[in-house]
Amino acid sequence: MTAGRWQLAHGRHLGLGGKAVVVGILNVTPDSFSDGGRFDAPETALVQARRMIGEGAAIIDVGGESTRPGAAAISATEEQARILPVIEALARAGDMLISVDTYRAETARLAVAAGAHIVNDVWGLQREPGIARVAAETGAGLVIMHTGRDREKLPDVIADQLAFLGKSLEIGRGQGVADDQIVLDPGFGFAKETAEENLDLMARFSELDALGFPLMAGTSRKRFIGTVTGRDAADRAAGTAATSVILRLKGAHLFRVHDVAINVDALAVADAMLARETGSER
Numbered sequence: 025m026t027a028g029r030w031q032l033a034h035g036r037h038l039g040l041g042g043k044a045v046v047v048g049i050l051n052v053t054p055d056s057f058s059d060g061g062r063f064d065a066p067e068t069a070l071v072q073a074r075r076m077i078g079e080g081a082a083i084i085d086v087g088g089e090s091t092r093p094g095a096a097a098i099s100a101t102e103e104q105a106r107i108l109p110v111i112e113a114l115a116r117a118g119d120m121l122i123s124v125d126t127y128r129a130e131t132a133r134l135a136v137a138a139g140a141h142i143v144n145d146v147w148g149l150q151r152e153p154g155i156a157r158v159a160a161e162t163g164a165g166l167v168i169m170h171t172g173r174d175r176e177k178l179p180d181v182i183a184d185q186l187a188f189l190g191k192s193l194e195i196g197r198g199q200g201v202a203d204d205q206i207v208l209d210p211g212f213g214f215a216k217e218t219a220e221e222n223l224d225l226m227a228r229f230s231e232l233d234a235l236g237f238p239l240m241a242g243t244s245r246k247r248f249i250g251t252v253t254g255r256d257a258a259d260r261a262a263g264t265a266a267t268s269v270i271l272r273l274k275g276a277h278l279f280r281v282h283d284v285a286i287n288v289d290a291l292a293v294a295d296a297m298l299a300r301e302t303g304s305e306r
């Protein structure tokens, strides 16, 4: 398990090692798959962010465009109108770490200027490669996510991860992004169409250590958890926590979730067991 100091914008950093890091999802959208329309005003978004921080989230990840399958695309102007007032409000409110969930370079640039510390790109730098230059120039932390959308995937789930993320890392380094800015996300649910494919990725998650970067897990309320448990999206907190524990044991450092408290507790138990088992920080 790779550990170390994650370099972020505005002179901040975050240690990754001994304890799992929980990232609270804050969708300021009308159409996200399980919480659309609940937090799309700055006032309600701020209340939700404070609640998640109080429950143990270390980072708040703000997204302005739904990434669920079949979601309607929006313009950069609309995305920015949704997220920038929220990011500005969060930055004014205190010392919380803020991530922006976007694939657009200009949105990322404006979000970091508004106070965001991290850029989280669900297209792995391959939709708008200029987003890597934004991270390089601002010093922002950069989450590079794997996706299988709009392309032909390799049949082996890990081979496809290594090929896609290898290309993304070439883009990032070519634009001047430092290795200590980078976290990788295997993109559970993003064109992993079956429960079996997502479960295979979980089972083989530790093979991603070969890439040599900290790893984020984003399984929260995903459809494959519903397939396994039979529960609707809003009722998948326990299933999500189970996947968080499994993935912590397999090497993940960060966990992007809707339901913070249950995941914080579940991961605290996993961390305590790891500490007893290994006698050292992971």
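Residue 274 in my numbering sits at position 250 of the sequence shown, with consecutive numbering throughout.
We put the CB at the ideal spot given by N, CA and C, even for glycine.
Below 8 angstroms between beta carbons: does that hold for residue i and residue j?
i: R280; j: V136; result: no
i: R260; j: I270; result: no
i: I195; j: I142; result: no
i: S68; j: E103; result: As written in the sequence, residue 68 is Thr, which differs from the Ser given in the question. No; because the gap between Cβ atoms is not below 8 angstroms, this pair is not in contact.
i: L189; j: L235; result: yes
i: V158; j: F214; result: no
i: I286; j: A258; result: no
i: D289; j: K43; result: no
i: L278; j: V45; result: yes
i: E152; j: A129; result: yes
i: E79; j: V284; result: yes
i: L70; j: L114; result: yes
i: N144; j: D125; result: yes
i: S268; j: L232; result: no
Among the residues of its own chain, which have a CB less than 6 angstroms from the CB of residue i, if the five just before and after it don't count?
i: D59; result: Here the model assigns D59 a pLDDT of 47, short of 50, so the residue's position is not dependable and the matter cannot be decided.
i: V207; result: V167, P238 and M240
i: T251; result: A219
i: G163; result: A33
i: Q199; result: A156, R157 and A160
i: D184; result: K177 and L178
Looking only at its own chain, which residues have a Cβ that is under 7 angstroms from the Cβ of residue i, when we skip the five neighbours before and after it?
i: L225; result: V181, P210, F212 and K216
i: A202; result: Q31
i: D256; result: G250
i: T171; result: V146, W147, G148, G211, F214 and A215
i: I98; result: E89
i: T253; result: R260 and G263
i: R173; result: F214 and A215
For the beta strand (DSSP E) that residue i lies in, which residues bound it at each end?
i: G87; result: I83 to G87
i: L166; result: G165 to M169
I need the DSSP call for residue i, collapsed to helix, strand or coil.
i: G263; result: helix
i: D209; result: strand
i: G198; result: helix
i: L178; result: coil
i: L278; result: strand
i: V284; result: helix
i: G190; result: helix
i: R36; result: coil
i: A75; result: Checking the sequence, you will find Arg at residue 75 rather than Ala. The answer is helix: DSSP assigns R75 an H, G or I state.
i: G250; result: helix
i: R228; result: coil
i: A241; result: strand
i: R29; result: strand
i: P66; result: helix
i: A97; result: coil
Counting only the same chain and skipping the five closest in sequence on each side, list residues whose C-beta sits under 8 angstroms from that of residue i.
i: W30; result: H37, L38, G39, L40, G165, D204, Q205, V207 and P238
i: L108; result: L134, A135 and A138
Which stretch, first to last residue, makes up the alpha helix (DSSP H) that contains residue i?
i: V46; result: Note, V46: premise wrong, no alpha helix (DSSP H); beta strand (DSSP E) at V45 to N51.
Please give the ranges of any beta strand (DSSP E) in the stretch 105-163, keeping only runs that are unbroken, at least 3 residues long and fully inside the region.
Those beta strand (DSSP E) runs which fall completely within the stretch 105-163 and span 3+ residues are 121-125 and 142-145.
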